[in-house]
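Visitor: Questions regarding the structure given below will be posed in turn.
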Amino acid sequence: MTQAQSRLGLYLLMTPLMLWLLLLIIVPHIGMFLVSISVKTGVRQYVTGLGNYMVFFTEPLYWNTFARTAFMSIAATFLTLVVGFPVAYYIAKLTRGRTKTTLFLMCLIPFWVSELVRTFGWMILLRETGIFSSFLQYIGVLSGPVEFLYNDAAIMIGLVYTSMLFMVVPLVTTLDSLDDSYIEAAYDLGGNGISILREIIIPHAMPGIVSGCIVVFMLSLGNYLTPILLGGKDSLWFTGLIYSQFITRFNWELGSAFGFLLLGLSSAIVWAGLKLSRQSLTDTVGR
Amino acid sequence: MIATIPQSKTFKWTYRVYVTLFFIYLALPLTVVCAFAFNDSVFPSLPWEGFTWAWFFGDESPYIGVFNERSIIKSIGTSLFVAFWVSMLSIAVGTSNAFLFVRYDFKFKEFLYILMLLPLIIPGIILGISILVFSNTVANNLEDATGMWFDGLRPGLPLVILGQFSFIATFATLVISARLEKFDRSLEEAALNLGASKWGAVRQITLPFLMPAIAGAAVVAILMSFENFNTTLMLVGSDAPLTITMFDRLKQGSTPVLNAVSLLLIVVSALLGIASLLFQKKEG
Chain A
125 MTQAQSRLGL
135 YLLMTPLMLW
145 LLLLIIVPHI
155 GMFLVSISVK
165 TGVRQYVTGL
175 GNYMVFFTEP
185 LYWNTFARTA
195 FMSIAATFLT
205 LVVGFPVAYY
215 IAKLTRGRTK
225 TTLFLMCLIP
235 FWVSELVRTF
245 GWMILLRETG
255 IFSSFLQYIG
265 VLSGPVEFLY
275 NDAAIMIGLV
285 YTSMLFMVVP
295 LVTTLDSLDD
305 SYIEAAYDLG
315 GNGISILREI
325 IIPHAMPGIV
335 SGCIVVFMLS
345 LGNYLTPILL
355 GGKDSLWFTG
365 LIYSQFITRF
375 NWELGSAFGF
385 LLLGLSSAIV
395 WAGLKLSRQS
405 LTDTVGR
Chain B
419 MIATIPQSKT
429 FKWTYRVYVT
439 LFFIYLALPL
449 TVVCAFAFND
459 SVFPSLPWEG
469 FTWAWFFGDE
479 SPYIGVFNER
489 SIIKSIGTSL
499 FVAFWVSMLS
509 IAVGTSNAFL
519 FVRYDFKFKE
529 FLYILMLLPL
539 IIPGIILGIS
549 ILVFSNTVAN
559 NLEDATGMWF
569 DGLRPGLPLV
579 ILGQFSFIAT
589 FATLVISARL
599 EKFDRSLEEA
609 ALNLGASKWG
619 AVRQITLPFL
629 MPAIAGAAVV
639 AILMSFENFN
649 TTLMLVGSDA
659 PLTITMFDRL
669 KQGSTPVLNA
679 VSLLLIVVSA
689 LLGIASLLFQ
699 KKEG
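Chains as they are written, first to last, in our numbering: chain A, 125 to 411; chain B, 419 to 702.
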């Protein structure tokens, strides 16, 4: 293969990559940034300025929603970790062969199904005429129908459910690679369950914990369906604000500024997570 | 903690009960969605009024089944159309990227690789609005300059396809690269020694080797495209894919016809998912 041919090949293969990244990722984001710093002064008249960002900081509803979305996403991530870790450990360490494959597959199947269908399932379970309310009335705990939908707990259940897979899979993978003999050694040296968990298992599982947490946080932050459908009109989720600025109010400048703030928060958390755990993006998501 | 270490009976049983409860939690929403597809009532909720196939085959109002509901059938068609193109574009670009990143060394390779991963960590709704803003600006400028209409750049299926492709291409690239890395270059060299052209060797030796990964990536792309909501929501025009149609229905409150569609979706996606696992297994 001659030098010139190889160069030609390189350029030919580079073209689709560059077209994709430039036209669909980089330029649109620059464009969105430019829109977010243009302030409308009249019909089709704009000046450059940070006015849209000022609106965000001066209007309590906006930054409250932003902070609320961030905190609920952090809480959802933490809950997902706490709920998912024992299950991942069970699959990785306490099952073998066919049972292991079956349990793993059972974790995967719900996530091949559209998020919409999963959320719909929770609506049927939680609503006033739903399964939980009817069941609790049937066994006599409740005397009348109760609405379990449209509150923060419902949003939380939905978020944890939706992101579970992205926590369990990396956890199972890292826990699988932990040699049983380390746990045995720790036990022989007098460690008990808690100290083995704290000093052997969790440090080993750290890469999985971090990549799981990053993905779950991002998915919760950017989620639209679950908060809107399970939280109802007052769900106050930041993606909902972005949607209404773009589609309902047609205020693209403010919407773009919101979009950038969300992107900034999500990137900051991903970056901080990677820094804290000393991992690179390539190792974490590039698998 | 592991099988070789003695544990108290209570601990073992608590752990088993917890894991069982977890799997019930996972299965519960999907089970109720499926069950209520057969409820003989116009609301997908209790009480149970008896078993019926009406939500699949019914044709008398209000019992209009999936197969007789024009708008749902049409949006399934739209989703299939979008998924097909997203999947084709993603495997084409993914294969090209795999060759680029596995076979070549060039300036800024690391940087481009990280850039290639970025779509995975950008929230879908942001990908959607950035592409919406950009294509709209381009369309406005082109229309001002030429006086023609550029409907392809306004919200609609072409934008939905591009929006979904913008992040699904990353998955395709990762899956196909992983397979290409396992390829033994000497096979290609043997073909070249036997007189094959460069392209002939790639086509007859390397591409067949990559096929399981390419097929697996195509199936995953179809699944992801079919169930995508966030990016699609921002870019959709008058032709709505299935998830958007279902979302609109869901907000208004709908008949169990939605459960019937969901049941079909669950069955099809489980089958596709298992198919993609089988492709991966074949890679071995």
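Every residue gets a Cβ at the ideal spot worked out from N, C-alpha and C, and that includes glycine.
Here the structure is a predicted model, which is why all the values come from computation and not from measurement.
Can you tell which of B:SER604, B:SER687, B:PRO674 and B:GLN698 has the C-alpha that lies nearest to the C-alpha of B:GLU487?
Guide: Closest option to B:GLU487, Cα to Cα, is B:PRO674.
Visitor: Around the C-beta of B:GLN582, are 16 or more other C-beta atoms found within 10 angstroms, so that it is buried, or is it exposed?
Guide: Label assigned to B:GLN582: buried.
Visitor: Report the residue from A:ASP300, A:GLY383 and A:SER390 whose alpha carbon sits nearest the alpha carbon of A:GLY221.
Guide: Here the closest residue by C-alpha is A:ASP300.
Visitor: Should B:GLU645 be flagged as near chain A, meaning a C-beta pair shorter than 7 Å?
Guide: B:GLU645 counts as touching chain A.
Visitor: Going by the CB atoms, is the gap between A:ARG251 and A:VAL360 shorter than 7 Å?
Guide: Contrary to the premise, residue 360 of chain A reads as Leu rather than Val in this sequence. The answer is no: Cβ separation not under 7 Å.
Visitor: Run through chain B and tell me which residues come within less than 7 Å of A:VAL159, C-beta to C-beta.
Guide: Those within 7 Å of A:VAL159 in chain B are VAL551.
Visitor: Within 10 Å of its beta-carbon, does A:TRP395 have 16 or more other beta-carbons around it, so buried, or fewer, so exposed?
Guide: Counting Cβ neighbours within 10 Å, A:TRP395 comes out exposed, since fewer than 16 surround it.
Visitor: Compile a chain-ordered list of the residues in the region 303-314 of chain A whose CB is closer than 7 Å to at least one CB of chain B.
Guide: If the cut-off is 7 Å between Cβ atoms, the region 303-314 of chain A has ASP304, ILE307, GLU308 and TYR311 near chain B.
Visitor: Take the Cβ of A:ALA309 as the centre, count every other Cβ of all protein chains shown within 10 Å, and call the residue buried at 16 or more, exposed below.
Guide: Exposed is the call here.
Visitor: Residues in the region 249-260 of chain A with C-beta within 8 Å of chain B's C-beta atoms, listed in sequence order?
Guide: Result list: LEU249, ARG251, THR253, GLY254, ILE255 and SER258.
Visitor: May I ask you to report which of helix, strand or coil DSSP gives A:ILE154?
Guide: Residue state, collapsed to three classes: helix.
Visitor: Would you please state the rounded distance, in angstroms, between the beta carbons of A:TYR274 and A:GLY355? I believe it to be under 8 Å.
Guide: Confirmed, about 6 Å.
Visitor: Indicate whether at least one CB of chain A lies closer than 7 Å to the CB of B:THR661.
Guide: Yes, B:THR661 lies at the interface with chain A (some Cβ there is under 7 Å from its Cβ).
Visitor: Among all the DSSP beta bridges, which residues are the ones paired with A:LYS217?
Guide: BP columns for A:LYS217 are empty, so no partner.
Visitor: For the beta strand (DSSP E) containing A:VAL163, list its first residue and its last residue.
Guide: 162-166 is the span of the beta strand (DSSP E), which, as asked, contains A:VAL163.
Visitor: Anything in chain B within Cβ reach of A:HIS328, meaning under 7 Å, just list it in chain order.
Guide: Near A:HIS328 there are no residues of chain B at all, since even the closest Cβ is about 13 Å away, more than 7 Å.
Visitor: Which runs of the beta strand (DSSP E) spanning at least 3 residues fall entirely within the region 313-355 of chain A, listed in chain order?
Guide: Listed in chain order, there is nothing to give.
Visitor: In chain A, which residues lie with their C-beta within 7 Å of the C-beta of B:ILE540?
Guide: Neighbours of B:ILE540 on chain A, chain order: LEU387.
Visitor: Flag this pair as touching only if the region 590-608 of chain B and the region 557-570 of chain B have three or more C-beta atom pairs under 8 Å; answer yes or no.
Guide: Judged by Cβ distances under 8 Å, the region 590-608 of chain B makes no contact with the region 557-570 of chain B, as fewer than three pairs qualify.
Visitor: Beta-carbon within less than 6 Å of A:ILE161's beta-carbon, same chain only, minus the 5 sequence neighbours each way: which residues are those?
Guide: Only THR172 meet the Cβ criterion.
Visitor: Does the beta-carbon of A:THR139 have 16 or more other beta-carbons within 10 angstroms, so that it is buried, or is it exposed?
Guide: A:THR139 is exposed by the Cβ-count criterion.
Visitor: Taking the continuous beta strand (DSSP E) assigned at A:THR172, which residues delimit it?
Guide: Its beta strand (DSSP E) spans residues 169-172.
Visitor: For the region 224-250 of chain A, which residues have a beta carbon sitting closer than 9 Å to at least one beta carbon of chain B?
Guide: Residues LEU227, LEU229, MET230, CYS231, LEU232, ILE233, PRO234, PHE235, TRP236, VAL237, SER238, GLU239, LEU240, VAL241, ARG242, THR243, PHE244, GLY245, TRP246, MET247, ILE248 and LEU249.
Visitor: Can you tell me whether DSSP reads B:ILE540 as helix, strand or coil?
Guide: Coil at B:ILE540, not helix or strand.
Visitor: Kindly indicate if chain B contains any beta-carbon less than 7 Å away from that of A:GLY287.
Guide: For clarity, residue 287 of chain A is Ser in the given sequence; the question names Gly instead. Cβ-Cβ to chain B under 7 Å: no for A:SER287.
Visitor: In chain order, what residues of the same chain lie with their CB nearer than 7 Å to the CB of B:LEU580, ignoring the 5 residues before and after it?
Guide: These residues qualify, in order along the chain: ILE549.
Visitor: Check whether the Cβ of B:PRO447 lies closer than 7 Å to any Cβ atom in chain A.
Guide: Yes - at least one Cβ of chain A is within 7 Å of the one on B:PRO447.
Visitor: If the cut is a Cβ gap below 8 Å, which residues of chain B does A:GLY346 touch?
Guide: Chain B residues near A:GLY346: PRO541, GLY542, ILE543, ILE544 and ASN648.
Visitor: Does the beta carbon of B:PHE502 come closer than 7 Å to any beta carbon on chain A?
Guide: Output row for B:PHE502: interface = no.
Visitor: A:LEU172 CB to nearest chain B CB: under 7 Å?
Guide: Reading off the sequence, residue 172 of chain A comes out as Thr, not Leu. Chain B contact via Cβ: absent.
Visitor: Using a Cβ-Cβ cut-off of 7 Å, state whether A:VAL284 counts as contacting chain B.
Guide: Chain B contact via Cβ: absent.
Visitor: Once you ignore the five residues that flank B:TRP435 on each side, which residues in its own chain have a CB closer than 6 Å to its CB?
Guide: Here residue 435 of chain B is Val; the residue named in the question, Trp, does not match the sequence. Within the same chain, B:VAL435 has no close Cβ partners at all.
Visitor: Are the C-beta atoms of A:GLY155 and some chain B residue less than 7 Å apart?
Guide: Yes, its Cβ sits closer than 7 Å to a Cβ of chain B.
Visitor: In chain B, which residues lie with their C-beta within 9 Å of the C-beta of A:LEU299?
Guide: Within chain B, no residue comes near A:LEU299; the closest Cβ sits about 11 Å away, beyond 9 Å.
Visitor: For A:ASN275, which of helix, strand or coil comes out of DSSP?
Guide: The answer is coil: DSSP assigns A:ASN275 none of H, G, I, E or B.
Visitor: At the 7 Å Cβ level, is A:GLY383 part of the contact set with chain B, yes or no?
Guide: A:GLY383 counts as touching chain B.
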